[in-house]
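If you read the sequence shown in full-length UniProt numbering, its first letter stands for residue 1, the second for the next number, and so on. Built from N, CA and C at the ideal position, the CB exists for glycine as well.
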Amino acid sequence: MTAFDAATEARVSDLVLGDRRHGLPADVTDARFWDEMYDSREQIFSGNPNPVLVTEISGLTPGRALDVGCGEGADAVWLAGQGWQVTGVDIARTAIDRAARRDSRVTWVHADWTVTPPHAEAFDLVTVHFVPIPRRHARNLIDAVAPGGTLLVTGHDLSDLPAGHIPGFDPADYVEPAALAEQLGDGWTVLVDEKRRRAPDATPHTHDRVLRATRDPI
Ligand SMILES: C[S@@+](CC[C@H](N)C(=O)[O-])C[C@H]1O[C@@H](n2cnc3c(N)ncnc32)[C@H](O)[C@@H]1O
1 MTAFDAATEA RVSDLVLGDR RHGLPADVTD ARFWDEMYDS REQIFSGNPN PVLVTEISGL
61 TPGRALDVGC GEGADAVWLA GQGWQVTGVD IARTAIDRAA RRDSRVTWVH ADWTVTPPHA
121 EAFDLVTVHF VPIPRRHARN LIDAVAPGGT LLVTGHDLSD LPAGHIPGFD PADYVEPAAL
181 AEQLGDGWTV LVDEKRRRAP DATPHTHDRV LRATRDPI
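This is how it looks when you write it as structure tokens:
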């Protein structure tokens, strides 16, 4: 993730650890969870693109790109700068508003991608960075990639986290990049499926999981 500073990490940890005032667990599928995170600060993320995105996508021929869970927009803006025609979608209104103030080249969409899934085969690149992927909706991300296109998914390596780090969050309900690779099926080529060390930041995470795959051309 485009790094937190220490103060923001503390705030986000508060949110992730649940609403302590009411003893409730966090719900990372609930827009209110993300709205509260963004509303807690004028800026949450660094504003720089994710290093995995830059490493994996630099040099690809630009086309139509979808950044799922685009947050404040750093990845989408970077892609637009590389010549991609970008759509960024996020469930958090504050995040989308911030992103829209930042760059008018990108089409910014305030939506829950699990409720309004992307059109099938509509994008030459689908990027998903540090966004929870509920198991029953994962196929929609795969299907959104056009023939010849690329799927790039980065997530935290959950084995970094101490047990019970996120009360109420069951990793079994979500698809990690490696598990998504298993769902691709025929007609896909996996180029990267690995655990990758991330630059130290204020988060407890030391490694990412990265999946990069291409859909065979027709
Ligand atoms: C941890 S942040 C990562 C933001 C950005 N991708 C990055 O790497 O900096 C996760 C983002 O996913 C968004 N998100 C979570 N679930 C979503 C959903 N179902 N539909 C759209 N956006 C979602 C959140 O609002 C949040 O902005």
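Same chain only: Cβ atoms within 8 Å of residue i, ignoring 5 sequence neighbours per side
| i | result |
| --- | --- |
| residue 248 | Outside the shown range of the chain (1 to 218) lies residue 248, about which nothing can therefore be said. |
| residue 214 | 148, 149, 150, 151, 188, 189 and 191 |
| residue 134 | 29, 114, 173, 174 and 175 |
| residue 137 | 113, 114 and 117 |
Separation of residue j from residue i, as counted between CA atoms
| i | j | result |
| --- | --- | --- |
| residue 159 | residue 132 | 16 Å |
| residue 206 | residue 58 | 24 Å |
| residue 199 | residue 192 | 19 Å |
| residue 189 | residue 182 | 11 Å |
| residue 21 | residue 37 | Reliability of the predicted coordinates at residue 21 is poor, the pLDDT of 39 falling under 50, and no value is obtained from them. |
| residue 197 | residue 157 | 10 Å |
| residue 212 | residue 42 | 32 Å |
| residue 118 | residue 203 | 30 Å |
| residue 110 | residue 83 | 23 Å |
| residue 218 | residue 121 | 12 Å |
| residue 24 | residue 106 | Only weak support exists for where residue 24 lies, its pLDDT of 46 falling under 50; the value from the coordinates is given anyway. Distance between the alpha carbons of residue 24 and residue 106 is about 36 Å. |
| residue 178 | residue 40 | 32 Å |
| residue 88 | residue 153 | 15 Å |
| residue 56 | residue 127 | 11 Å |
| residue 31 | residue 44 | 16 Å |
| residue 201 | residue 46 | 11 Å |
Contact belief for residue i with residue j at Cβ below 8 Å, rounded distance in angstroms
| i | j | result |
| --- | --- | --- |
| residue 144 | residue 79 | That belief does not hold up - the Cβ atoms of residue 144 and residue 79 are roughly 15 Å apart, past 8 Å. |
| residue 261 | residue 53 | With the chain covering 1 to 218 only, the question about residue 261 has no answer from this structure. |
| residue 141 | residue 68 | 7 Å |
| residue 50 | residue 129 | 5 Å |
Cβ-heavy atom distance, residue i to ligand 1, below 7 Å
| i | result |
| --- | --- |
| residue 69 | yes |
| residue 199 | no |
| residue 91 | yes |
| residue 214 | no |
| residue 95 | yes |
| residue 112 | yes |
| residue 50 | yes |
| residue 175 | no |
| residue 220 | An answer regarding residue 220 cannot be provided, because it is not within the stretch 1 to 218 covered by the chain. |
| residue 131 | yes |
| residue 108 | no |
| residue 78 | no |
Cβ-based neighbour list, residue i, same chain, cut-off 6 Å, excluding 5 preceding and 5 following
| i | result |
| --- | --- |
| residue 176 | 155 and 209 |
| residue 100 | 108 |
Neighbour flag for residue i against chain C, beta carbons, 8 Å
| i | result |
| --- | --- |
| residue 58 | Here chain C cannot be found, since the structure has a single protein chain. |
Sequence-distant residues of its chain with Cβ nearer than 7 Å to residue i (five each side left out)
| i | result |
| --- | --- |
| residue 93 | 35 and 110 |
| residue 62 | 82, 83 and 84 |
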